[in-house]
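Heads up: the sequence shown at position 37 corresponds to 1429 in the numbering used here, and the numbers run straight through without jumps.
Yeah, the Cβ is synthetic: ideal placement off N, Cα and C, and Gly gets one too.
Have a look at the structure below before the remarks.
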Amino acid sequence: MSHLERVRQELYKSIESGNAEEILKISRELDKIILIYMGIEESGHKMPA
């Protein structure tokens, strides 16, 4: 399982449980992943689909 998939599953579990603190923590982690992805795309590299 990829890091992104694991984080996504953790986010869904947190939303279901209503744990706002955990949702915020995971959202920040997703932000980091998105920024890394955007940086890779801007550098001209193509991400696999």
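Work out the CA separation of residue j and residue i for me, nearest whole Å.
i, j, result
"L1416", "G1431", "23 Å"
"D1442", "S1409", "Not covered by the structure: residue 1442. The range shown for the chain is 1393 to 1441."
"E1414", "E1433", "29 Å"
"K1406", "S1435", "Looking at the sequence provided, one finds Ser at residue 1406 rather than Lys. Rounded to whole angstroms, S1406 to S1435 spans 33 Å at the Cα level."
"S1394", "A1412", "24 Å"
"V1399", "E1421", "8 Å"
"L1427", "S1419", "12 Å"
Just verifying my parser: in three-state terms, what is the DSSP assignment at residue i?
i, result
"S1409", "helix"
"G1431", "helix"
"S1419", "helix"
Pick from the options: whose alpha carbon is nearest that of residue i?
i, options, result
"E1397", "G1436, E1414, I1425, S1435", "I1425"
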